[in-house]
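Undergrad: I have a structure here, written as structure tokens, and I will follow up with some questions on it.
Numbering (the working numbering), first residue to last: 9 to 578.
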């Protein structure tokens with residue numbers, strides 16, 4: 009249905025946006041599990057939910073007039089029928105667990121977010137699904153990431169600000185299935201960790217420490233690319249030797265303004281040779297390719313040459329520039345989107361990912377997310393078009409797993425993901441098209457070798473001429489100008505809400521979480537929970553795989569130090 013002209017015609021005035029549209033058949037579930045803080049503090053403070061439709065939102069910085077956004081809103085509208093049927097079909101499964109069925113959502117590569125059942129979101133128009141951990145994890149599989157950050161004196165003012173935001177954005181996309189290390193450099197290079205040159209699990213504790221260290225970086229000193237890269241590859245090699253890596257792909261992300269000044273006698277060619285040699289050697293040691301992403305952060309044109317030259321000799325090297333804050337999301341998406349090219353094969357058809365438990369923004373409840381990538385398999389290679397997910401609150405996991413240590417249980421499920429490590433041995437012209445897709449024509453390394461006829465479609469392109477985009481997509485704007493509480497709350501009397509009857513019930517977090525969840529192959533992961541509950545009689549059991557044909561567990565990595573420490577400002 010993605011490029012079906014009929015679906016485009018039927019799309020007019022048939023969608024309900026999260027901000028202003030009045031829902032066609034809202035219901036008012038009662039009971040404390042449906043309470044919404046904005047509706048009051050009484051026992052019955054629920055919000056309206058519509059089980060006959062989904063609602064959609066678009067990411068900040070995008071517009072419905074963009075052909076790709078417009079078309080995505082239209083083809084995802086056809087999910088409604090499937091979502092409604094799935095909700096009914098899975099009801100018995102949830103009831104057997106003693107749990108109300110959860111909501112389902114889909115985040116597209118274009119930034120369109122559609123979730124079911126329909127309801128109003130408090131923070132209207134602010135949500136971008138693409139950089140969220142639940143979206144990145146199933147897009148890339150488990151990975152080892154080393155960030156190499158330039159903090160030299162030339163990285164002053166806006167450059168340092170952009171680099172910090174970009175680096176923090178990368179860290180925020182990682183999950184507990186990943187490993188992370190950061191090398192910062194001026195005239196010398198240093199790893200952000202006092203314990204040694206290791207990769208660390210990308211859990212919430214590690215990420216908080218690393219983000220704080222990045223926030224406190226100061227621009228000063230000369231610029232020594234050579235030592236920075238030596239240190240970065242040493243981290244990967246040492247971690248591999250200590251069995252502290254995940255047994256999958258690795259990537260080095262280099263962020264700089266491109267101005268190398270130190271040491272005397274080291275030329276750009278010397279650094280290019282070092283990177284090429286160490287990428288090949290470390291890839292051999294790891295047994296999997298090391299991907300190299302080079303980002304130059306500068307408004308000056310003459311400083312982008314070296315960062316690009318570092319990437320081009322490598323089979324899996326990609327360069328792009330970041331000149332403005334609004335380019336960060338698109339530029340940095342290149343690193344995990346390249347991993348996603350290998351996840352579209354049949355071996356990974358049942359891949360699901362788990363993220364470390366976190367607090368849902370709008371409800372304040374702790375839970376986790378299960379998600380799976382979605383591909384258009386009519387193209388070769390299959391083209392990733394989004395991610396489907398389901399949020400699960402701790403209460404659900406506690407009952408299903410019969411344990412109070414939910415964080416450890418979720419970590420174990422993540423460690424036994426059913427993913428086969430995505431292959432990244434891609435043809436030269438596929439990588440060249442990838443460079444163009446995320447960095448423009450200037451990012452291509454071999455423009456004369458790979459012409460338009462050699463390119464594969466690796467990112468969605470518009471299906472129709474712009475003349476086909478006519479009319480308003482939203483069914484109505486009846487709620488425009490009304491407050492959130494006025495729209496979402498079922499009603500109140502002196503601060504005590506008046507709830508209605510429960511219909512198609514959802515758990516509290518699944519109604520009011522920032523990303524309401526699930527669907528499709530996600531049910532495989534939920535069957536794992538079911539199996540644990542049915543077959544195990546103790547709280548220390550390992551996960552029982554439901555179907556050996558589809559669940560090929562990746563060997564879990566040894567436990568690295570839980571988090572780095574950083575006692576002094578770098």
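The C-beta atom is built at its ideal place from N, Cα and C for all residues, glycine as well. Note that the structure is a prediction, hence the values are computed from the model and not measured.
Is residue 490 helix, strand or coil by DSSP?
TA: Reading the chain shown from its first residue, position 482 is the one you call residue 490. Coil.
Undergrad: What residues are listed by DSSP as bridge partners for residue 580?
TA: Past the boundaries of the shown model lies residue 580; the chain is included only from 9 to 578, so the question cannot be answered.
Undergrad: Cα-Cα, which of 317, 194, 346 is closest to residue 435?
TA: Start at 1 with the first residue of the chain shown, and residue 435 comes out as number 427. Nearest option by C-alpha distance: 346.
Undergrad: Of all the options 116, 70, 55, which has the alpha carbon lying nearest to the alpha carbon of residue 85?
TA: Start at 1 with the first residue of the chain shown, and residue 85 comes out as number 77. That would be 116, whose Cα lies nearest to the Cα of residue 85.
Undergrad: Ordered along the chain, which non-local residues of its own chain (more than five positions away) have a Cβ less than 6 Å from that of residue 295?
TA: Walking along the chain shown from the start, residue 295 turns up at place 287. Once the five neighbours on either side are set aside, residue 295 has no close Cβ partner at all.
Undergrad: Quick one: what's residue 263 bridged to in DSSP?
TA: Stepping through the chain shown from its first residue, residue 263 is reached at position 255. Note: residue 263 sits in a beta bridge opposite 157, 303.
Undergrad: Checking 7 Å against the spacing of the C-beta atoms, do residue 121 and residue 488 come in under that value?
TA: The count along the chain shown starts at 1 and reaches residue 121 at position 113. The count along the chain shown starts at 1 and reaches residue 488 at position 480. No, they are not a contact pair.
Undergrad: Give the range of the alpha helix (DSSP H) segment to which residue 443 is assigned.
TA: Position 435 of the chain shown, counting from 1, holds the residue named residue 443. 436 to 447 is the extent of the alpha helix (DSSP H) around residue 443.
Undergrad: Taking only three categories from DSSP, how would you classify residue 294?
TA: Reading the chain shown from its first residue, position 286 is the one you call residue 294. DSSP places residue 294 in helix when its eight states are reduced to three.
Undergrad: Taking the straight line between their C-alpha atoms, what separation do you get for residue 452 and residue 312?
TA: On the chain shown, residue 452 is found 444 positions in, with the first residue counted as 1. On the chain shown, residue 312 is found 304 positions in, with the first residue counted as 1. Distance between the alpha carbons of residue 452 and residue 312: 13 Å.
Undergrad: Beta-carbon within less than 8 Å of residue 644's beta-carbon, same chain only, minus the 5 sequence neighbours each way: which residues are those?
TA: Residue 644 lies beyond the stretch modelled for the chain, which goes from 9 to 578, so this question has no answer here.
Undergrad: So residue 191 and residue 259 are supposed to be a Cβ contact under 8 Å. How far apart are they, rounded?
TA: For the purposes of this step, residue 191 is identified with residue 183 of the chain shown, where counting begins at 1. For the purposes of this step, residue 259 is identified with residue 251 of the chain shown, where counting begins at 1. The pair is not a contact, with the Cβ atoms about 13 Å apart (cut-off 8 Å).
Undergrad: In its own chain, which residues sit with a C-beta less than 8 Å from the C-beta of residue 352, not counting the 5 before and 5 after it?
TA: In the chain shown, counting from the first residue as 1, residue 352 sits at position 344. Excluding sequence neighbours, residue 352 sits near 381, 383, 385, 389, 390, 391, 392.
Undergrad: From the DSSP output, in three-state form, read off residue 116 for me.
TA: Reading the chain shown from its first residue, position 108 is the one you call residue 116. Residue 116 falls in the strand class under three-state DSSP.
Undergrad: Taking only the alpha-carbon atoms, compute the straight-line gap between residue 288 and residue 13 and give it to the nearest angstrom.
TA: By one-based count along the chain shown, residue 288 stands at place 280. By one-based count along the chain shown, residue 13 stands at place 5. Computed Cα separation, rounded: 47 Å.
Undergrad: How many whole angstroms separate the CB atoms of residue 119 and residue 77, which I take to be in contact at a CB cut-off of 8 Å?
TA: Start at 1 with the first residue of the chain shown, and residue 119 comes out as number 111. Start at 1 with the first residue of the chain shown, and residue 77 comes out as number 69. Correct: roughly 7 Å between the Cβ atoms.
Undergrad: Going by DSSP, what residue range makes up the beta strand (DSSP E) through residue 399?
TA: The sequence position of residue 399 within the chain shown is 391, counting from 1. It spans 391 to 401 - the beta strand (DSSP E) in which residue 399 sits, taken as one unbroken run.
Undergrad: Determine which residues share a DSSP beta bridge with residue 151 and list them.
TA: Counting from 1 along the chain shown, the entry for residue 151 is found at position 143. 257.
Undergrad: Return the CA-CA distance between residue 406 and residue 91, expressed in angstroms with no decimal places.
TA: Locating residue 406 in the chain shown gives position 398, counting from the first residue. Locating residue 91 in the chain shown gives position 83, counting from the first residue. Near 26 Å, if we compare the C-alpha coordinates of residue 91 and residue 406.
Undergrad: Please look up how many angstroms separate the CB atoms of residue 112 and residue 364, rounded, as I've assumed it's under 8 Å.
TA: To locate residue 112, count along the chain shown from 1; it is residue 104. To locate residue 364, count along the chain shown from 1; it is residue 356. Incorrect: roughly 21 Å between the Cβ atoms, too far for contact.
Undergrad: By a C-beta neighbour count over all protein chains shown, 10 Å radius and 16 as the cutoff for buried, is residue 396 buried or exposed?
TA: The residue given as residue 396 occupies position 388 in the chain shown. Burial call: buried.
Undergrad: Measuring CA to CA, which of 143, 349, 419 is closest to residue 429?
TA: Looking up residue 429 in the chain shown gives position 421. Considering only alpha carbons, the answer is 349.
Undergrad: Going by the CB atoms, is the gap between residue 362 and residue 336 shorter than 7 Å?
TA: As a first step, residue 336 must be located in the chain shown, where it is residue number 328. As a first step, residue 362 must be located in the chain shown, where it is residue number 354. The answer is no: Cβ separation not under 7 Å.
Undergrad: May I ask you to report which of helix, strand or coil DSSP gives residue 63?
TA: As a first step, residue 63 must be located in the chain shown, where it is residue number 55. The answer is strand: DSSP assigns residue 63 an E or B state.
Undergrad: How is the beta strand (DSSP E) around residue 97 delimited, first residue to last?
TA: Taking the first residue of the chain shown as 1, we reach residue 97 at position 89. Element bounds for residue 97: not the beta strand (DSSP E) but the alpha helix (DSSP H), 87 to 97.
Undergrad: Given that a residue counts as buried once 16 or more other Cβ atoms are within 10 Å of its Cβ, and exposed if not, what is residue 480?
TA: Taking the chain shown and counting its residues from 1, the one referred to as residue 480 is at position 472. It counts as exposed.
Undergrad: Please return the same chain residues whose Cβ sits closer than 8 Å to the Cβ of residue 486, not counting the five positions on each side in sequence.
TA: Here the question's residue 486 lines up with position 478 in the chain shown. These residues qualify, in order along the chain: 28, 29, 30.
Undergrad: Pull the bridge partners of residue 380 from the DSSP assignment, please.
TA: Residue numbering aside, residue 380 sits at position 372 when the chain shown is read from its first letter. DSSP lists 396 as partners of residue 380.
Undergrad: Who are the near neighbours of residue 212 in its chain, counting only those whose CB is closer than 6 Å to its CB and skipping five residues on each side?
TA: Numbered from its first residue, the chain shown carries residue 212 at position 204. Here the set comprises 364.
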